[in-house]
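First residue of the sequence shown? That's 7 in the numbering used here, and the numbers climb one at a time after it.
We put the beta carbon where it would ideally sit given N, CA and C, even for glycine.
As the structure is a prediction and not an experimental result, all values here were calculated from the model.
Report on the following structure.
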Amino acid sequence: MPQTDKTFIETQFPVSLISKESYKERKAGSGQTLTGLGKWWGRKPLILIRASILGMLMPASSNPQKDREIFLKILTMDNEGLWQRRSTSISAKIIAEWLPEQETKLYFEVNNRGGIRWTKGLEQAIKDIITRRYFDHLSYDEKLEYCVRPEQIEGPSVPAWQDINSHLGTTANNIQQLIDQLGKNRFGHTPRVGDAFCGGGSIPFEAARIGCEAYGSDLNPVAALLTWASINLIGGGKEVQEKVQAVQQAAFAAADEQITEWGVEHNEKGWRADSYLY
Ligand SMILES: C[S@@+](CC[C@H](N)C(=O)[O-])C[C@H]1O[C@@H](n2cnc3c(N)ncnc32)[C@H](O)[C@@H]1O
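Here's what the structure looks like:
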C-alpha cells in the first residue's frame, strides 16, 4: 500500500473506541495493572498510551479505511480481536431469546427446571457459530462486557499478523517486534519514549512493555519510586514479585513483633487496634 509521509495519528484516531476501552480499564479498579503498586492520581489508561504510541509510529497509507482496520487489529479492538478477548460465556438463555423462533427450537431445549439449555448432543462447532453470530450483532460496549482488556491477552492471532504485516510491509509476530520495525523504518532505531513528568509511570511502563526504550523522571520522589516499581517489579515478572513480597512479609513480621513487644497497639486486655483515627 503506498504510504504518505504522515503517521496514523496525524490523520485519524478512534477516539470513541479508545474511550470505551479506557473506561473499561478504569472500571477494573484495583484490577488495573499498576494500581496495586500504590495509588496515583491521574495515571493515564494504558490502552490510551499503547494506542497513542502506535498511532505515532504507524505510517498512514492512501487508504484510511484500511489503516483504521489494521490499527484496530493490532490493538485487538477489531471484531476478531474482541472475539479472541471474550472471557465470559454468553448464557444459552440470552442467545435463545435473540435467535429467530425457528432456530431457537432447533438449537435449544427446556431443562427439567424450566431453564433453557443447548439441545443435548449439539456439536460444539455449531454452538460456536451461533454464539459468534450473537456476539457479532452486539454493540462495541455490549461486546466489552464479555471481554478482558487488550493487555490481558497475548495479542493478535497468527492470521491477524499476516494482514498487519502485509499492509505495513513488516514481518512482526508480536507487538514488540512491530514497534521495533516501525521505529526503525521511521527513525532508524528502536523508538525512544520519555516522560519528564511521569507521575505514576504509566507512560514509561506501557512504552517499555510494547518494546520502546523508555525514560521517565519526576520532581516527586514518590512518583519516581512508583515509576521505577512499575517497570522493575510489575515488568520484572512473577519471580521478582515473589522475592519482593517475601522481603515485605519479613519486614512486616519484624515490625509486628517489635510493636507487640512494646505494647503500643494493644490495650490492657491485650486487644490489638484495627485502625486509628488521627
Ligand atoms: C499529571 S502528573 C503526570 C502524569 C503522567 N504523565 C501519567 O501519564 O500518568 C504531573 C507530574 O508532574 C510532576 N512535576 C511537576 N513539576 C515538575 C517539574 N518541574 N519537574 C518534574 N516533574 C514535575 C508532578 O510531580 C506530577 O507527578
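Residue i, DSSP secondary structure in three states
i: Gly-189; result: helix
i: Lys-149; result: helix
i: Gly-48; result: coil
i: Arg-215; result: helix
Alpha-carbon to alpha-carbon, residue j and residue i
i: Gly-194; j: Asn-179; result: 20 Å
i: Leu-232; j: Gly-207; result: 7 Å
i: Ile-132; j: Glu-109; result: 12 Å
i: Val-199; j: Ala-34; result: 26 Å
i: Tyr-282; j: Glu-212; result: 37 Å
i: Arg-56; j: Lys-72; result: 19 Å
i: Gly-127; j: Val-250; result: 50 Å
i: Trp-268; j: Gly-44; result: 29 Å
i: Leu-52; j: Glu-157; result: 8 Å
i: Gly-161; j: Lys-12; result: 26 Å
i: Phe-91; j: Ala-257; result: Checking the displayed sequence, the identity of residue 91 turns out to be Arg instead of Phe. Rounded to whole angstroms, Arg-91 to Ala-257 spans 39 Å at the Cα level.
i: Arg-138; j: Asn-226; result: 49 Å
i: Lys-244; j: Gln-254; result: 15 Å
Beta-bridge partners of residue i, as assigned by DSSP
i: Arg-92; result: Cys-153
i: Trp-124; result: Phe-114
i: Ala-229; result: According to DSSP, Ala-229 bridges with nothing at all.
i: Ala-220; result: Val-199
i: Thr-13; result: Pro-65
Top-ranked residue by Cα proximity to residue i, from the options
i: Gln-18; options: Gly-35, Ser-58, Gly-44, Tyr-29; result: Ser-58
i: Gln-168; options: Ile-76, Ala-220, Trp-104, Ala-257; result: Ile-76
i: Ala-202; options: Gly-217, Ile-209, Gly-222, Ile-216; result: Gly-222
i: Tyr-113; options: Leu-105, Gly-120, Arg-119; result: Leu-105
i: Lys-50; options: Gly-37, Ser-67, Ser-28, Gly-61; result: Ser-28
i: Tyr-146; options: Tyr-284, Leu-88, Asp-280; result: Leu-88
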